[in-house]
Every structure is written in structure tokens, then in C-alpha cells.
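Undergrad: The structure's right below; bear with me while I get my questions together.
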Amino acid sequence: MEPKYFTQQLLKWHKANPRPMPWLGLTDPYKIWVSEIILQQTRVQQGWNYYLAFVETFPTIQSLAESSEDLVLKHWEGLGYYSRARNIHKAANQIMENHAGVFPEDYEEIISLPGIGPYTAAAIASFAFGQKRPVVDGNVLRIVSRYCHIDEDLSKVKGKKKILVFLTEAMSFTKDAAAFNQAIMNFGALQCIPSNPNCGICKMSKKCKALLNDQVSYLPRAKTKIKKKKRYFTYLDIVDLQGNRVINRRKEKDIWQGLYELILNETEKEWKPNLEKISGFLTENEIHWKGTLGLSNRLKTRRILSHQLINAEIITLRCDKIQYKGTKFQIANRLKGFAFPKLLELYLQTNL
DNA sequence: AATACGGGGGC
DNA sequence: GCCCCAGTATT
1 MEPKYFTQQL
11 LKWHKANPRP
21 MPWLGLTDPY
31 KIWVSEIILQ
41 QTRVQQGWNY
51 YLAFVETFPT
61 IQSLAESSED
71 LVLKHWEGLG
81 YYSRARNIHK
91 AANQIMENHA
101 GVFPEDYEEI
111 ISLPGIGPYT
121 AAAIASFAFG
131 QKRPVVDGNV
141 LRIVSRYCHI
151 DEDLSKVKGK
161 KKILVFLTEA
171 MSFTKDAAAF
181 NQAIMNFGAL
191 QCIPSNPNCG
201 ICKMSKKCKA
211 LLNDQVSYLP
221 RAKTKIKKKK
231 RYFTYLDIVD
241 LQGNRVINRR
251 KEKDIWQGLY
261 ELILNETEKE
271 WKPNLEKISG
281 FLTENEIHWK
291 GTLGLSNRLK
301 TRRILSHQLI
311 NAEIITLRCD
321 KIQYKGTKFQ
331 IANRLKGFAF
341 PKLLELYLQT
351 NL
């Protein structure tokens, strides 16, 4: 392995291939933090507008801390991995409590914040504070496994260690840790891409061990693939003459925790209810109505998540007046302020 | 060490 | 369809 050559070529490539991004060149640790959380398992393009809107609504740690979790989730709506939103809100409060509202500089303190792991801590430490902490994300694993021809399971400690040893060595050849980290991730996103990289124009090709051994397409080693669990959701959207609806805040440790949804019946197999069964289900849940209950629409849809396959049906019901005295659900007239899973957001967009 | 956690884009 | 994305927390 030739770490010095790697660093030289990397930084040269970086200068020749600038990539505009809204948080580029910022030194405000708060904004860097926000951008890094948004970019966890998320493409730059997908997170771009979310970042702009987020820092406009929450320009400071304090403003974020003082917000409600619901509002933070509303800004995360559609982005996925909602624990990121809950955790950044929680962490903002911890910074107010434990650090007088000032983002900590110490790596150990940074990484102890909820939602911040090794990658994000290194990103903040280098971008905001200039510390020599190499970032290790998917790009970096791919690049280094190829350049050094490391054919190991990178989810294991042993494989990760080899990567980190190389990075630490490589980073020692520059004073600008931030530029190094920025460069290596851009290099992974634009040049050393997952499939069919154009090695013919790559500045590293002379010393890329995977290329020399014709192994680029086999590296990094494939992950064991995950099995998806099938779930069946039936959502009941009951709406009365005043436009009132019944919604629920998801509380369990499950997908979409903290987001809102309609009345849900989850079943082992597909539920094919008629109006009578629907009435029965509503009554069991203490939801009553005045006038006749009418079934106005049924929509079948499906969603693919990283670990689940959701088969859903959304049934629209009409009545004169909803009557609910329980505590599990809440009655809402305007749904604009609530964060919904994409599945429901798409439905509500056209049925609100 | 393995699994859960969203949603989207590229091929 | 399948892979993977500027990963982290929990089991």
C-alpha cells in the first residue's frame, strides 16, 4: 500500500473536481452537524433541500432545542430514518444543558451525543475544528478496499481496522484533514463509484491494487443480503362533514416512531373488510359516528423499506360527525402540521 | 456480531 | 429486482 501516493493524487483530483454543496466551506459546527445527520445513508441530492429548509427554520442549536419534536419530525417528513430527527432534537437539548449551548470540540464528547457515531463525529471534528479524524463511510470503505485490495468482510472489526490503519497513514501526509475527508468522499461519489467505475481516467489507477489484480468489480466484498418481512396494513381514513379525521401518533419501537398515521389495523394476512367489519373495528376502538357510515374509496399500495415490505390499503370513509372519547387517538381537522410516513403523505396529498 | 431503521435513484 | 447511499442504536 502506498498511502503517500494516494493522498497526493486524491488532493490533486479534489482541486480539479470541485463539487458545490450548500454546506461547503462552512465552519459553524451546528450546520455541519445538521448536514452530516441528514446525509447518513442519504444521497446528497436527496438531502440538499431538506438541509436548506432545516437550517432556515432552526438556525441555531437553541432554536432547535426549543422546538417541539413534532415540528422537527415535520421537517424530516419523507426523508426516512426518523430516529435521526428525534436524536438531533434530543442532542440539541443536551448541548444546551451540558455545554451551555456551545457545540463541544472534544471528539469523545461529540461522539457521546445521540445520533452521532464514528463517522459523524469525525466529520464534525475535521470540518468544523480541523482535527485529524478520518471519516469512514461507504465511499471510504469502497475506495480503500479497492486501492489496497482488502478482500475482507468490512462489517467485521478486523476489516474495518485495516481500513483505518491505511487512512491514518494517508492522512498523515497532509495538514488539511478537512480537505482530505471532503476529497475522499467526493472521490467515492464521483470517480470510485460502486458499479462500473471508469478506471481508465482514474488518477489512482497506477497504484490501485484491485485494478492491477482485475478485482475492482468484486470489491468491496458483497454484504450478506437482508430478508424483508411482509406486513399488511389497513388504514381507515374516517372524515366527517366538518373535515375532522382520526389520527394516531406512533409510539412503539417500530418503523415511523413519532410520526402520525390514520387508524391502523395490522394483520398477519391481507384483511379484506366489508363495511360491516370496518364498523365493527371502529366500534372496538371506541370510535363512533353520527349518520350513516359510507365507504367512498379504497386504495391499495405497497412500500419497500430496507427490512420490510408493506402492503397497505387505505379506505376512505364518510360520516356526519365523528365521536371519540378515548385517549389513544386524536381528532384533527388540519393535518398539514403533522409528519406522516411517505405512504400516507402521498395519499393525503390528493385526499386532503 | 447481527439486526432494525426509510426512502430514493441507478442499472 | 437488486444494490447502495457522507451510519447509528439496539439487541
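In the numbering used here, the protein residues as written are 1 to 352.
Glycine is no exception: its CB is placed at the ideal position from the N, C-alpha and C atoms.
These numbers were taken from a predicted model, which means no experiment stands behind them.
Taking the alpha carbon of Asn87 as the reference point, which residue from Gly78, Asp70, His99 and Ala100 has its own alpha carbon closest?
TA: To locate residue 87, count along the first sequence from 1; it is residue 87. For the residues Gly78, Asp70, His99 and Ala100, the minimum Cα distance to Asn87 belongs to Asp70.
Undergrad: Our contact map puts Trp256 next to Tyr82 with C-beta atoms below 8 Å; I'd like the distance itself, whole angstroms only.
TA: Along the first sequence, read from residue 1 onward, the residue named residue 256 stands at position 256. Along the first sequence, read from residue 1 onward, the residue named residue 82 stands at position 82. The pair is a contact, with the Cβ atoms about 6 Å apart (cut-off 8 Å).
Undergrad: Can you give me the Cβ contacts of Arg250 inside the same chain, cut-off strictly under 8 Å, excluding the 5 residues immediately before and after it?
TA: Locating residue 250 in the first sequence gives position 250, where the first residue counts as 1. Trp256, Gln257, Gly258, Leu259, Tyr260 and Glu261.
Undergrad: What are the boundary residues of the beta strand (DSSP E) that includes Ser296?
TA: Residue mapping note: residue 296 aligns to position 296 of the first sequence, counting from 1. Where Ser296 is concerned, the enclosing beta strand (DSSP E) stretches over Gly294 to Ile304.
Undergrad: Expressed to the nearest angstrom, what Euclidean distance is found between the alpha-carbon atoms of Gln40 and Phe54?
TA: For the purposes of this step, residue 40 is identified with residue 40 of the first sequence, where counting begins at 1. For the purposes of this step, residue 54 is identified with residue 54 of the first sequence, where counting begins at 1. In a straight line, the C-alpha of Gln40 is about 15 Å away from that of Phe54.
Undergrad: Ignore the nearest five residues each way along the sequence and tell me which others in Glu77's own chain have a CB closer than 7 Å to its CB.
TA: Here residue 77 refers to the residue found at position 77 of the first sequence. Cβ neighbours of Glu77 beyond the five flanking positions: Ala339, Phe340 and Glu345.
Undergrad: What are the boundary residues of the beta strand (DSSP E) that Lys321 is part of?
TA: Sequence index remark: in the first sequence, residue 321 carries index 321 (1-based). Segment Lys321 to Tyr324, the beta strand (DSSP E) holding Lys321.
Undergrad: Write down every uninterrupted run of the beta strand (DSSP E) in the segment 201-263 whose length is 3 residues or greater and which is fully enclosed by it, in chain order.
TA: DSSP runs (the beta strand (DSSP E)) wholly in the segment 201-263: 229-239 and 245-249.
Undergrad: Could you check whether the segment 261-277 touches the segment 209-229, counting it as contact only if at least three pairs of C-beta atoms, one from each stretch, sit closer than 8 Å?
TA: Touching, no.
Undergrad: Mind checking Glu66: buried by the 16 CB within 10 Å criterion, or exposed?
TA: Translated into positions along the first sequence, residue 66 becomes position 66. That one is exposed.
Undergrad: Assuming contact is defined by CB atoms lying nearer than 8 Å, are Ile247 and Ile322 in contact in what I supplied?
TA: If you number the first sequence from 1, residue 247 lands on position 247. If you number the first sequence from 1, residue 322 lands on position 322. Not closer than 8 Å, so no.
Undergrad: In terms of alpha-carbon separation, which member of His99, Lys156 and Val135 lies closest to Thr224?
TA: Counting from one through the first sequence, the residue named residue 224 turns up at place 224. Comparing Cα-Cα distances from Thr224 to each of His99, Lys156 and Val135, the minimum goes to Lys156.
Undergrad: Could you check the C-alpha separation between Phe358 and Thr283 for me, to the nearest Å?
TA: Any question about residue 358 goes unanswered here, given that the chain covers just 1 to 352.
Undergrad: Can you grab the Cα-Cα spacing for the pair Leu10 / Ala16, in whole Å?
TA: Start at 1 with the first residue of the first sequence, and residue 10 comes out as number 10. Start at 1 with the first residue of the first sequence, and residue 16 comes out as number 16. So the two alpha carbons sit approximately 10 Å from each other.
Undergrad: How would you label Ala210, buried or exposed, when you count the other beta carbons within 10 angstroms and need 16 or more for buried?
TA: Stepping through the first sequence from its first residue, residue 210 is reached at position 210. Answer is buried; the Cβ neighbour count reaches 16.
Undergrad: Along the beta strand (DSSP E) that carries Ile310, what are the first and last residues, could you check?
TA: Here residue 310 corresponds to residue number 310 of the first sequence, with the count starting at 1. Element bounds for Ile310: Gln308 to Arg318.
Undergrad: Hey, is the segment 310-325 in contact with the segment 286-298, meaning 3+ C-beta pairs nearer than 8 Å?
TA: The segment 310-325, when compared against the segment 286-298, does touch it at the 8 Å Cβ threshold.
Undergrad: Within 10 angstroms of its Cβ, does Leu236 collect 16 or more other Cβ (buried), or is it exposed?
TA: Locating residue 236 in the first sequence gives position 236, where the first residue counts as 1. Burial call: buried.
Undergrad: Count the other CB atoms within 10 Å of the CB of Gln242; is the residue buried (16 or more) or exposed (fewer)?
TA: Indexing the first sequence from 1 puts residue 242 at position 242. Looking at its Cβ environment, which holds fewer than 16 other Cβ atoms inside 10 Å, Gln242 is exposed.
Undergrad: Count the CB pairs spanning the segment 149-169 and the segment 191-207 that are closer than 8 Å, and state whether there are at least three.
TA: Judged by Cβ distances under 8 Å, the segment 149-169 makes no contact with the segment 191-207, as fewer than three pairs qualify.
Undergrad: Roughly how many angstroms lie between the CA atoms of Lys161 and Ala177, to the nearest whole one?
TA: Residue 161 sits at position 161 when you count from the first residue of the first sequence. Residue 177 sits at position 177 when you count from the first residue of the first sequence. The alpha-carbon atoms of Lys161 and Ala177 are separated by roughly 19 Å.
Undergrad: For the alpha helix (DSSP H) that contains Trp289, what are its first and last residues?
TA: By 1-based counting over the first sequence, the position of residue 289 is 289. Looking at the DSSP string, Trp289 is not in any alpha helix (DSSP H); the run it does join, the beta strand (DSSP E), is Ile287 to Lys290.
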